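>
There are 2 protein chains.
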Amino acid sequence: MTSEERIKKQKELVEIIGIHFDKEGFQPIAGRILGLLMVMDKEQYSFDEIVEELQISKSSASNALKILELKNSIEYITIPGDRKRYFQLKKLDVDQVIEDHKKKIEETLIFLEKIISLKADKNSSNSVFISKMVHLMSDMLIRLDESKYHGKQL
Amino acid sequence: MTSEERIKKQKELVEIIGIHFDKEGFQPIAGRILGLLMVMDKEQYSFDEIVEELQISKSSASNALKILELKNSIEYITIPGDRKRYFQLKKLDVDQVIEDHKKKIEETLIFLEKIISLKADKNSSNSVFISKMVHLMSDMLIRLDESKYHGKQL
DNA sequence: TTTTTAGTTCGGTTTTTTATGAACTAAATG
DNA sequence: CATTTAGTTCATAAAAAACCGAACTAAAAA
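Going down the list, the sequences are from chains G and X.
The first sequence finishes on residue 154 if you use the working numbering, and the numbering steps up by one all the way, no holes.
The second sequence finishes on residue 1154 if you use the working numbering, and the numbering steps up by one all the way, no holes.
Dropping the structure here:
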């Protein structure tokens, strides 16, 4: 595959990933910026490069970058003697990713347990089902800790 | 806690859960219907009861119910000699829930691997990071199978 | 001090989503 | 066959989200 072919395919993938993150609740432009920073070989993009590459307005870029920083997905570096900020994918460590995932599960567990606590009949069909889900999710939390430990061994 | 107190707290929880599913990408009314079917002691609601309970239009109910069925979150039963449909929470089995979760992870893995395959430098900072994520997610897939097996033992 | 650079903020427009009521349908009932 | 019931569909109103350009700001450069 030639370099141009690869770049063409990468740019197509940026769009696909944009749509993916769009479905995950990111706004379209934020999704495409994230796609850009994940896919392309270039790893740092200045504000203007992003604006240029994705053909978006400066205000849209400014907003989307703010959101992505807030969501802990990107960060920027600066270079001495250069006023620009260079944005890059934030490389979270595996532990952090696992902890974030655990947190989400824990939040869901809290309201599932709240539902059960308010049930008149703890043996009703729904109660039993929700209890099963609580067990499953608790089990997943334990296994996530194992993944964390496992990761350290590598 | 008296019965009325519980019902009051349950109705509050329906709203909270509605907001939760809203954030998960469900439309507001669909989230509240799902909350209703999860939280209340009553386990089957007719179309009109849902309309009445949540104070929504019939068309909104019709649409949201269609979406929830499509997402495999609810189902309905019928009673001989009664034309109405009674909607209830769909009680998926644990295996199914795990499989669904695995499928999502697998979809993400596919595009992460696609990103790596298109990288000019497999040792670049982003390549290494994305590879780490691929490993983590693959590890999670294995552990999800363990959860499945574990669930059977109970 | 003036100008340039690197963005940010604001106001408004476009687009999308959500929700509604009214008209409609298909099956069951009388 | 006429009516009622249990919803569905459609056109549209209302609200929210996304996006843009123009004006603005703060820091650096000239």
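For each residue, glycine too, the CB sits at the ideal point set by N, CA and C.
Here the structure is a predicted model, which is why all the values come from computation and not from measurement.
Do K90 (chain G) and N63 (chain G) come within 8 angstroms of each other at the CB atom, strictly closer than that value?
Start at 1 with the first residue of the first sequence, and residue 63 (chain G) comes out as number 63. Start at 1 with the first residue of the first sequence, and residue 90 (chain G) comes out as number 90. Cβ distance not < 8 angstroms, so N63 (chain G) and K90 (chain G) don't count as in contact.
> Can you pull the DSSP bridge partners for R1085 (chain X)?
By one-based count along the second sequence, residue 1085 (chain X) stands at place 85. Partner(s): X:T1078.
> Look up S1059 (chain X) in the DSSP assignment and say whether it is helix, strand or coil.
Counted from its first residue, the second sequence places residue 1059 (chain X) at position 59. DSSP places S1059 (chain X) in helix when its eight states are reduced to three.
> From the DSSP output, in three-state form, read off D1124 (chain X) for me.
The count along the second sequence starts at 1 and reaches residue 1124 (chain X) at position 124. Reading the sequence as shown, one finds Ser at residue 1124 (chain X) and not Asp. Note: S1124 (chain X) maps to coil in three-state DSSP.
> Helix, strand or coil for S73 (chain G), going by three-state DSSP, please let me know.
The residue given as residue 73 (chain G) occupies position 73 in the first sequence. In the three-state reduction of the DSSP assignment, S73 (chain G) falls in the coil class, being assigned neither a helical nor a strand state.
> In terms of residues, what are the limits of the alpha helix (DSSP H) holding F1026 (chain X)?
Within the second sequence, the letter at position 26 stands for residue 1026 (chain X). Element bounds for F1026 (chain X): n/a, residue is neither H nor E.
> Looking at chain G, which residues of the region 1129-1146 of chain X have a Cβ within less than 8 angstroms of any of its Cβ atoms?
Listed in sequence order: F1129, I1130, K1132, M1133, H1135, L1136, D1139, M1140, R1143, L1144 and E1146.
> Does D22 (chain G) come within less than 8 angstroms of chain X when only Cβ atoms are used?
Walking along the first sequence from the start, residue 22 (chain G) turns up at place 22. Not one chain X Cβ lies under 8 angstroms of D22 (chain G).
> Is the region 33-45 of chain G touching the region 86-101 of chain G, taking contact as three or more C-beta pairs under 8 angstroms?
Contact between the region 33-45 of chain G and the region 86-101 of chain G is present, with at least three C-beta pairs closer than 8 angstroms.
> How about K156 (chain G) and I115 (chain G): do their beta carbons lie closer than 8 angstroms?
Not covered by the structure: residue 156 (chain G). The range shown for chain G is 1 to 154.
> Give the range of the alpha helix (DSSP H) segment to which K42 (chain G) is assigned.
The residue you call residue 42 (chain G) lines up with position 42 of the first sequence. Premise fails: K42 (chain G) is in no alpha helix (DSSP H) and is neither H nor E.
> Touch check for the region 136-152 of chain G and the region 1031-1040 of chain X: three-plus C-beta pairs under 8 angstroms?
Not touching, per the Cβ criterion.
> Could you tell me whether the Cβ atoms of F111 (chain G) and I1017 (chain X) are closer together than 8 angstroms?
As a working mapping, residue 111 (chain G) is identified with position 111 in the first sequence. As a working mapping, residue 1017 (chain X) is identified with position 17 in the second sequence. Yes, these two residues count as a Cβ contact at 8 angstroms.
> Are the C-beta atoms of G25 (chain G) and some chain X residue less than 8 angstroms apart?
Working through the first sequence from its first residue, we reach residue 25 (chain G) at position 25. Chain X contact via Cβ: present.
> Rounding to the nearest angstrom, what Cα-Cα distance links K58 (chain G) and S1127 (chain X) in this structure?
Walking along the first sequence from the start, residue 58 (chain G) turns up at place 58. Walking along the second sequence from the start, residue 1127 (chain X) turns up at place 127. Near 28 angstroms, if we compare the C-alpha coordinates of S1127 (chain X) and K58 (chain G).
> Can you list the residues of chain X that D121 (chain G) reaches, using a CB-CB cut of under 8 angstroms?
Residue numbering aside, residue 121 (chain G) sits at position 121 when the first sequence is read from its first letter. Under the 8 angstroms cutoff, chain X gives D1041.
> In terms of alpha-carbon separation, which member of G:F129, G:I7, G:R6 and G:K66 lies closest to F26 (chain G)?
For the purposes of this step, residue 26 (chain G) is identified with residue 26 of the first sequence, where counting begins at 1. The shortest Cα separation from F26 (chain G) among G:F129, G:I7, G:R6 and G:K66 belongs to G:K66.
> Within 8 angstroms (strictly less), CB to CB, does I1079 (chain X) reach chain G?
The sequence position of residue 1079 (chain X) within the second sequence is 79, counting from 1. No, I1079 (chain X) lies away from the interface with chain G (no Cβ there is under 8 angstroms from its Cβ).
> If you count every other CB in all the chains shown that lies within 10 Å of the CB of L1070 (chain X), and 16 or more means buried, which is it?
Looking up residue 1070 (chain X) in the second sequence gives position 70. Its Cβ having fewer than 16 others within 10 Å, L1070 (chain X) is exposed.
> Closer than 8 angstroms by beta-carbon distance: list the chain G residues that pair up with R1006 (chain X), in chain order.
On the second sequence, position 6 is the one that residue 1006 (chain X) refers to. Contact annotation for R1006 (chain X) against chain G: L118 and A120 [CB-CB distance below 8 angstroms, chain order].
> Less than 8 angstroms separating the beta-carbons of V51 (chain G) and G35 (chain G)?
Working through the first sequence from its first residue, we reach residue 51 (chain G) at position 51. Working through the first sequence from its first residue, we reach residue 35 (chain G) at position 35. Contact flag unset, no.
> Tell me the rounded alpha-carbon separation between E24 (chain G) and V134 (chain G).
Counting from 1 along the first sequence, the entry for residue 24 (chain G) is found at position 24. Counting from 1 along the first sequence, the entry for residue 134 (chain G) is found at position 134. Cα-Cα distance, rounded: 24 angstroms.
> Could you pull the start and end residues of the alpha helix (DSSP H) that D1095 (chain X) belongs to?
Reading the second sequence from its first residue, position 95 is the one you call residue 1095 (chain X). Segment V1094 to S1117, the alpha helix (DSSP H) holding D1095 (chain X).
> Examine chain X for any beta-carbon lying closer than 8 angstroms to the beta-carbon of Q10 (chain G), and answer yes or no.
As a working mapping, residue 10 (chain G) is identified with position 10 in the first sequence. Yes - at least one Cβ of chain X is within 8 angstroms of the one on Q10 (chain G).
> Beta-carbon separation of L1118 (chain X) and K9 (chain G) under 8 angstroms?
Within the second sequence, residue 1118 (chain X) is the residue found at index 118, counting from 1. Within the first sequence, residue 9 (chain G) is the residue found at index 9, counting from 1. A contact, by the Cβ cut-off of 8 angstroms.
> Could you name the residues of the region 1054-1088 of chain X whose beta carbon sits closer than 7 angstroms to any beta carbon of chain G, in the order they occur along the chain?
none
> Taking Cβ-Cβ distances shorter than 7 angstroms, what residues in chain X pair up with L109 (chain G)?
Taking the first sequence and counting its residues from 1, one reaches residue 109 (chain G) at position 109. Per Cβ cutoff of 7 angstroms: no residues; L109 (chain G) is ~12 angstroms from chain X at best.
> If you measure between the beta carbons of A1061 (chain X) and R6 (chain G), is that distance less than 8 angstroms?
In the second sequence, the residue the question calls residue 1061 (chain X) occupies position 61. In the first sequence, the residue the question calls residue 6 (chain G) occupies position 6. Their beta carbons are not under 8 angstroms apart, which means A1061 (chain X) does not touch R6 (chain G) by this criterion.
> Which same chain residues, not among the five before or five after K1152 (chain X), have their C-beta less than 8 angstroms away from its C-beta?
In the second sequence, the residue the question calls residue 1152 (chain X) occupies position 152. Nothing meets the Cβ criterion.
> Can you pull the DSSP bridge partners for S1046 (chain X)?
Along the second sequence, read from residue 1 onward, the residue named residue 1046 (chain X) stands at position 46. Answer by DSSP bridge pairing, in chain order: X:Y1086.
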